[in-house]
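Here is the structure we will look at, set down as structure tokens.
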Amino acid sequence: MRTQVAIIGAGPSGLLLGQLLHKAGIDNMILEQRSGDYVLGRIRAGVLEQVAVDLLDRAGVGARMHAEGLPHDGFDLAFDGARHRIDLHGLTGKRVMVYGQTEVTRDLMDARRAGAAVSVYEAEHVAVHGFDGTRPSVEWTHGGKRETMQCDFIAGCDGFHGVCRASVPEGAVQLHEKVYPFGWLGLLSDTPPVSPELIYVNHERGFALASMRSKTRSRYYVQCRTDEHVADWSDEMFWAEFRRRLPAETAERLVTGPSIEKSIAPLRSFVAEPLRFGRLFLAGDAGHIVPPTGAKGLNLAATDVGYLYEGLVEHYRGSDKALDAYSQRALSRIWKAERFSWWMTTLMHRFPEGGSFDRRMQHAELEYLIGSEAAQRSLAENYVGLPMD
Ligand code: RFL
Ligand code: PHB
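The sequence shown begins at 2 in the numbering used here and counts up by one.
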């Protein structure tokens, strides 16, 4: 068996790369360790930058996103019991699209099925070989049978815990990591969003975020400790905690209901450098993690894929210039998003070790933000997404 590009992982990075390559006539196969239903059951990102929207359009999967997604022109920062709007569109001329990662994934899966491109779900013991030479290959077990596929390139789109980064010799990769002393407890419910735009709340009991998936489905988060378990949080406890962190007038309008999903995500910043090892390329969460506060993870995954796609297309047209530039181009954008996500996380959360000085600094920065158009413009420019250079 042979393919041009073997893609490991059928999350948004792997599926988007597969679809873009398929449209460009480049043969590829996707190996995913989980089932399709499992992948669709993970509730994650909700906010897309314009560059991610453009890439999904280029992949030919934008129709439902444009019909059902919610374009947002701004969001609110809340602290000291009051809300302050950041006018994204007024400050940058751009907006973001609220459309869940689950829906992006579903659209990409549907398109892949329609294009009859090969995907193997529930592929066990995936292994990547020979990427430091000219004849890479991938191996996996499916239905008890060991299979091998030769390829030109391997795309490691297998997330933070994947096999690709772990297969690179230790000395060839440098890892940069920061783990935050808290997590996010998220709840999804079929209740109307408490506000038509997102609200990021800095509260003395900890951060809270009011987000949504549609006009009838809410996605809410509260900062929690890293040693907490979802099972210890009843829906009632979640709603009571979330309500306490909202400004009073907003809390009055909160509609509660049974949860459809509840989960805890730890927060970390992480970057692997470089992102290329011979004929193996890392993209998305396989190469980097951002804390979700800046809503950048899925967007970075999409832009990595955009750069990699350009490189692969040019390779098959006879030039390796863009492929050789992949790691450096992607990392330049990644580090800026890492900085923004770290900054917004530091600004909005309660740090268990933080003393009164740290809290005063947060407060001064929030006050500065709401009083300075220059500061708001910088926040807005990063939130809507920096351009793909
Ligand atoms: P994924 O989605 O983790 O997919 C990787 C896939 O690889 C598979 N895999 C393997 N397959 C074969 N063999 C192996 N050995 C394998 N090991 C792993 C996995 O099963 C999986 O299917 O990575 P990808 O595609 O790079 O996508 C990244 C995004 O999922 C992630 O960055 C975002 O969800 C982050 N994120 C957000 N990003 C945004 O842009 N905007 C947001 O609003 C936003 N909110 C969030 C988020 C992430 C969150 N959590 C839970 C971490 C909110 C949360 C709560
Ligand atoms: C979400 O809707 O899940 C979401 C939105 C904004 C973020 C993080 C998560 O910053």
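Glycine included, every Cβ here is placed at the ideal spot set by N, Cα and C.
Drop a sphere of 10 angstroms on the beta-carbon of residue i, count the other beta-carbons inside from all chains shown, and report buried for 16 or more, exposed for fewer.
i: residue 388; result: exposed
i: residue 320; result: exposed
i: residue 224; result: buried
i: residue 197; result: exposed
i: residue 149; result: exposed
i: residue 305; result: buried
i: residue 76; result: buried
i: residue 247; result: buried
i: residue 401; result: The first residue shown for the chain is 2 and the last is 390, placing residue 401 beyond what the model contains.
i: residue 237; result: exposed
i: residue 333; result: exposed
i: residue 145; result: exposed
i: residue 346; result: buried
i: residue 175; result: exposed
i: residue 216; result: exposed
i: residue 136; result: exposed
i: residue 2; result: exposed
i: residue 170; result: exposed
i: residue 357; result: exposed
Report back the beta-carbon spacing between residue i and residue j to the nearest angstrom; my notes put them in contact at under 8 angstroms.
i: residue 98; j: residue 70; result: 5 angstroms
i: residue 74; j: residue 96; result: 5 angstroms
i: residue 262; j: residue 44; result: 5 angstroms
i: residue 291; j: residue 265; result: Not really, about 17 angstroms apart at Cβ, beyond 8 angstroms.
i: residue 199; j: residue 210; result: 7 angstroms
i: residue 272; j: residue 344; result: Residue 272 to residue 344, Cβ: 15 angstroms. No contact.
i: residue 367; j: residue 102; result: At roughly 29 angstroms, the Cβ-Cβ gap does not stay under 8 angstroms, so residue 367 and residue 102 are not in contact.
i: residue 312; j: residue 301; result: Rounded, the Cβ-Cβ distance is 17 angstroms, inconsistent with contact.
i: residue 268; j: residue 183; result: 6 angstroms
i: residue 27; j: residue 15; result: Between residue 15 and residue 27 the Cβ distance is about 14 angstroms, and since that is not below 8 angstroms, they are no contact.
i: residue 350; j: residue 207; result: 7 angstroms
i: residue 36; j: residue 123; result: 6 angstroms
Along the chain, where does the beta strand (DSSP E) that runs through residue i open and close?
i: residue 29; result: 29 to 32
i: residue 214; result: 209 to 215
i: residue 260; result: 260 to 274
i: residue 179; result: 175 to 190
i: residue 85; result: 83 to 87
i: residue 222; result: 218 to 225
i: residue 296; result: Neither: residue 296 is in no beta strand (DSSP E) and is coded neither H nor E.
i: residue 198; result: Looking at the DSSP string, residue 198 is not in any beta strand (DSSP E), and its letter there is neither H nor E.
i: residue 373; result: Counting along the chain, residue 373 falls outside any beta strand (DSSP E), and DSSP gives it neither H nor E.
i: residue 120; result: 119 to 121
i: residue 143; result: 138 to 143
In this structure, how does DSSP classify residue i when only helix, strand and coil are distinguished?
i: residue 155; result: strand
i: residue 50; result: coil
i: residue 387; result: coil
i: residue 240; result: helix
i: residue 77; result: strand
i: residue 97; result: strand
i: residue 24; result: helix
i: residue 317; result: helix
i: residue 204; result: coil
i: residue 126; result: strand
i: residue 282; result: strand
i: residue 289; result: strand
i: residue 304; result: helix
i: residue 277; result: strand
i: residue 72; result: strand
i: residue 171; result: helix
i: residue 59; result: helix
i: residue 229; result: coil
i: residue 147; result: strand
i: residue 134; result: coil
i: residue 45; result: coil
i: residue 235; result: coil
i: residue 160; result: coil
Got a sec, what are the start and stop residues for the alpha helix (DSSP H) residue i sits in?
i: residue 336; result: 322 to 349
i: residue 105; result: 102 to 115
i: residue 69; result: 64 to 69
i: residue 352; result: No alpha helix (DSSP H) contains residue 352, which DSSP labels as neither H nor E.
i: residue 7; result: Looking at the DSSP string, residue 7 is not in any alpha helix (DSSP H); the run it does join, the beta strand (DSSP E), is 3 to 9.
i: residue 400; result: Because the chain spans 2 through 390 in this model, residue 400 falls outside it and cannot be assessed.
i: residue 164; result: 164 to 167
i: residue 251; result: 249 to 254
Taking any heavy atom of the ligand PHB as the mark, which residues have a C-beta closer than 5 angstroms to it, listed down the chain?
-> 47, 48, 212, 220, 293, 296
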